[in-house]
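Colleague: Sharing a structure, written as structure tokens. Questions coming.
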Amino acid sequence: MPLKKLILILGDQLDLDNPVLKSINSTLDQVVMIESADEAKFVWSHKAKIALFLSAMRHFAKRLEELGLPLLYIQQSPRSIVENLRAIIESEKFTHLVCIEPGEWRLKQAIEALASELKIKLEMLEDPHFYCSRQEFGAWVAGKKELRLEYFYRLMRKTHGILVDEKGNPEGGQWNFDRDNRKPFPKKGPGLIPPPELFEPDSITSEVLELVEKTYPDHPGSLRHFRWPVTRPQALKALEGFIEHRLGTFGIYEDAMWTDTPFGWHSLLSSAMNLKLLNPREVIAAVIQAWKKENLDLSTVEGFIRQILGWREFVRGMYFLDMPQMAEDNFYDHHHALPSWYWSGETNMSCMQEVIGQTLEYGYAHHIQRLMVTGNFALLAEVLPKEVCDWYLAIYIDAIEWVELPNTAGMALFASGGRFTSKPYISSGAYIKRMSNYCDSCQYKPDIRFGEGACPITNLYWNFLIKHRKQFEASPRTRLMTANLSRISDDDQAAIQRHAKVILGDLNAL
Ligand code: FAD
Ligand code: SF4
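Here it is as structure tokens:
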């Protein structure tokens with residue numbers, strides 16, 4: 428029987444250099460792309476996230492057709508991707524199924540199970556968009572007691588010769604310039620920030636926006652501001668714009684937050700990289716070129732590169748290493764429901780209003796907003812990790828499980844119990860006050876721990892420390908946090924706990 432390949436391209440694998448597109452036999456083989464309405468509904472996705480995937484897929488399909496590739500493009504199928512594959516393989520008698528490894532464990536398992544059931548050969552290739560293969564990550568993990576980003580990141584720098592000298596020493600004499608970065612905006616505000624590149628919807632995108640409004644009317648979020656890059660030329664333009672206008676100031680204000688400033692100096696490149704419209708190697712090469720040409724601060728350049736070469740690669744490695752357990756992890760045994768205002772932004776807490784509000788408008792919030800505002804609150808409010816992870820997966824334009832889950836469960840919620848972070852990322856309202864102007868317009872006061880006007884985040888922070896005092900005292904990384912508890916009288920600690928009980932009893936009321 429002749430070899431007959433069905434070549435699957437998923438919605439986050441939109442790269443013309445995709446190795447599965449090499450050596451296609453146009454008379455026998457078939458490329459397939461599937462819009463599964465079932466997948467879009469499986470997670471209660473933000474409208475902009477659905478639109479981004481559909482528009483980028485349709486633009487990519489157009490390019491494949493222009494190149495004369497034998498493409499079957501299935502629009503808005505009510506069936507799942509796997510059900511579609513089954514029907515095509517059975518009716519067309521394909522002998523091979525070829526794809527790049529999906530970024531979602533569940534789908535990977537389902538495709539493997541299908542191939543084995545139908546007894547066809549499955550060629551699942553390693554995703555070439557990552558610096559670190561799964562085997563390399565496995566080799567790095569082997570025999571290690573502690574899995575920490577910092578050591579992995581140094582290895583990546585050395586292995587790929589990025590920001591190191593000929594001897595493998597770090598540029599500027601240190602691996603990490605965090606101390607020079609991460610300042611709040613000046614007291615009078617962020618000033619004029621050059622806007623990111625925005626892309627007016629063309630006819631394909633406009634059609635998709637209409638379809639999403641019609642087909643998914645009840646889904647969260649708005650399409651009003653949909654200007655995301657959906658093609659490779661647009662993604663390249665977004666990269667160019669960031670390098671030219673925003674990179675130089677990225678590091679210093681990386682963690683800063685301000686009302687009506689949804690993007691700060693951030694790159695907004697995650698969705699383009701995650702859809703594979705951009706390769707992280709070209710992003711890092713462009714950053715290094717700009718650093719040399721424009722004499723940019725090493726601190727900003729290193730800070731940016733660490734996010735991509737460090738965190739992005741590290742969380743992907745952890746995801747595939749720890750799935751499916753990671754999705755079930757619940758270190759603190761938290762079981763509260765996610766407050767309903769996570770889906771509407773209708774809460775009295777200004778910080779949550781701002782971050783959730785911009786998330787619903789754009790499908791975007793930057794790292795610290797995700798980690799130290801919505802993530803911090805969900806951890807302190809003892810919300811079931813699965814509910815929080817579902818929210819992050821649904822609501823962010825760049826959310827794909829391999830990157831969303833380790834960031835949410837592992838980093839923001841400490842659900843994996845220190846498997847790859849050394850301490851829970853928690854803070855009181857004092858941190859939000861220092862890093863933003865959110866508290867200025869809030870009905871609560873960040874420095875009040877209980878009673879009238881008490882900031883719920885501050886109250887729940889101290890409540891959390893009281894509750895987990897032993898755990899925090901056991902580690903030198905967290906001992907200092909509980910040391911501050913000794914300055915709070917027993918009566919006040921009891922009042923903090925009483926106040927927290929009321930808050931935790933009705934999170935929707937906040
Ligand atoms: P910039 O701040 O400009 O950073 C540059 C790039 O670095 C990003 O585009 C991204 O590719 C990479 N990066 C930065 N931080 C991380 C990180 N912690 N993990 C992986 N890559 C990183 N990122 C996603 O791409 N998808 C997600 O679903 C996602 N969910 C998150 C959930 C939580 C709870 C947290 C705390 C973080 C999450 N992140 C996620 C990481 C990070 O917040 C986003 O990558 C970033 O905000 C995207 O905006 P940007 O492109 O402007 O990034
Ligand atoms: Fe958020 Fe508390 Fe500040 Fe209000 S006072 S904005 S709830 S941190």
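Under this note's numbering, the residues of the sequence shown are numbered 428 to 937, in order.
No residue lacks a Cβ here, since even glycine has one placed at the ideal position from N, Cα and C.
Count the other C-beta atoms from every protein chain shown that fall within 10 angstroms of the C-beta of Lys720, then say buried if there are 16 or more, exposed otherwise.
Modeller: Exposed is the call here.
Colleague: Per DSSP, which residues does Val458 bridge with? Please list them.
Modeller: Ile434 and Leu498
Colleague: Reducing DSSP to helix, strand and coil, say where Val509 ends up.
Modeller: helix
Colleague: Does the count of Cβ pairs from the region 689-696 and the region 611-628 closer than 8 Å reach three?
Modeller: A contact is defined here as three or more CB-CB pairs under 8 Å, and the region 689-696 meets this definition with respect to the region 611-628.
Colleague: In this structure, how does DSSP classify His762 when only helix, strand and coil are distinguished?
Modeller: coil
Colleague: Tell whether a beta-carbon distance below 7 Å holds between Trp416 and Leu765.
Modeller: Missing from the structure shown is residue 416; the chain here goes from 428 to 937 and no further.
Colleague: With H, G and I counted as helix, E and B as strand and the rest as coil, what does DSSP make of Ile527?
Modeller: Under the three-state reduction of DSSP output, Ile527 falls in the strand class.
Colleague: Going by the CB atoms, is the gap between Leu840 and Pro812 shorter than 7 Å?
Modeller: yes
Colleague: Output needed for Gln440: all residues of its chain with C-beta closer than 6 Å, excluding positions within five of it in sequence on either side, in chain order.
Modeller: Ile527 and Lys703
Colleague: Secondary structure at Met551, three-state DSSP: helix, strand or coil?
Modeller: strand
Colleague: If you count every other CB in all the chains shown that lies within 10 Å of the CB of Asn445, and 16 or more means buried, which is it?
Modeller: buried
Colleague: Mind checking whether Tyr558 and Glu729 have CB atoms under 7 Å apart?
Modeller: Contact: no.
Colleague: Tell me where the alpha helix (DSSP H) around His672 begins and ends.
Modeller: Arg659 to His672
Colleague: Run through the region 771-806 for me and flag every whole alpha helix (DSSP H) of 4 or more residues, listed as ranges in chain order.
Modeller: 777-789
Colleague: Give me the DSSP bridge partner(s) of Ser504.
Modeller: Ser504 is bridged by DSSP to Ser463.
Colleague: Exposed or buried, Arg387, counting other C-beta atoms within 10 Å across all chains shown (16 or more means buried)?
Modeller: Not covered by the structure: residue 387. The range shown for the chain is 428 to 937.
Colleague: Using the Cβ count rule (16 or more neighbours within 10 Å means buried), how would you classify Asp918?
Modeller: So Asp918 ends up on the exposed side.
Colleague: If we require 4 or more residues per run, which alpha helix (DSSP H) segments fall completely within the region 845-876?
Modeller: 856-862
Colleague: Is it buried or exposed for Asn722, if we count other Cβ within 10 angstroms and need 16 for buried?
Modeller: Burial state of Asn722 is exposed, judged by a 10 Å Cβ sphere holding fewer than 16 other Cβ atoms.
Colleague: Would you list, in sequence order, the uninterrupted alpha helix (DSSP H) runs of no fewer than 4 residues that lie entirely inside the region 678-740?
Modeller: Runs of the alpha helix (DSSP H) inside the region 678-740: 697-701, 707-721 and 725-732.
Colleague: So, at 8 Å on beta carbons, what are the nonlocal neighbours of Ser767 in its own chain, with the 5 sequence-adjacent residues on each side left out?
Modeller: Asn935.
Colleague: Please identify the residue among Ile875, Asp933 and Gln536 whose C-alpha is closest to the C-alpha of Ile915.
Modeller: Ile875
Colleague: Taking Thr801 as the reference, which of Gly784, Glu831, Glu814 and Met779 has the closest Cα?
Modeller: Met779
Colleague: Does DSSP put Val810 in a helix, a strand or coil?
Modeller: strand
Colleague: Here's the rule: buried if 16 or more other CB atoms are within 10 angstroms of the residue's CB, otherwise exposed. What is Phe521?
Modeller: buried
Colleague: Using the Cα positions of Lys585 and Val591, report the straight-line distance between them to the nearest angstrom.
Modeller: 7 Å
Colleague: Is it buried or exposed for Gly570, if we count other Cβ within 10 angstroms and need 16 for buried?
Modeller: Label assigned to Gly570: exposed.
Colleague: Can you give me the C-alpha to C-alpha distance between Met745 and Ala754, rounded to a whole angstrom?
Modeller: Distance between the alpha carbons of Met745 and Ala754: 12 Å.
Colleague: Could you spell out the range, first to last residue, of the alpha helix (DSSP H) harbouring Leu887?
Modeller: Pro883 to Lys894
Colleague: Any idea which residues DSSP pairs Pro597 with across the strands?
Modeller: Val591
Colleague: Hey, could you find the ends of the alpha helix (DSSP H) Leu537 is sitting in?
Modeller: Looking at the sequence provided, one finds Ala at residue 537 rather than Leu. Its alpha helix (DSSP H) spans residues Trp532 to Leu545.
Colleague: Between the Cα of Leu430 and those of Val447, Leu437 and Asn452, spot the shortest distance and give me the residue it belongs to.
Modeller: Asn452
Colleague: Using the rule of at least 16 other Cβ atoms within 10 Å of the residue's Cβ for burial, across every protein chain shown, is Ala417 buried or exposed?
Modeller: Because the chain is modelled from 428 through 937, residue 417 falls outside the range shown and cannot be assessed.
Colleague: How about the region 607-616 and the region 857-872: do they share at least three Cβ pairs that are nearer than 8 Å?
Modeller: With a cut-off of 8 Å, the region 857-872 and the region 607-616 count as touching, because enough Cβ pairs lie within range.
Colleague: First and last residue of the alpha helix (DSSP H) that includes Gly932?
Modeller: Asp917 to Gly932
Colleague: Grouping DSSP H, G and I as helix and E and B as strand, with all else coil, what is Asn834?
Modeller: helix
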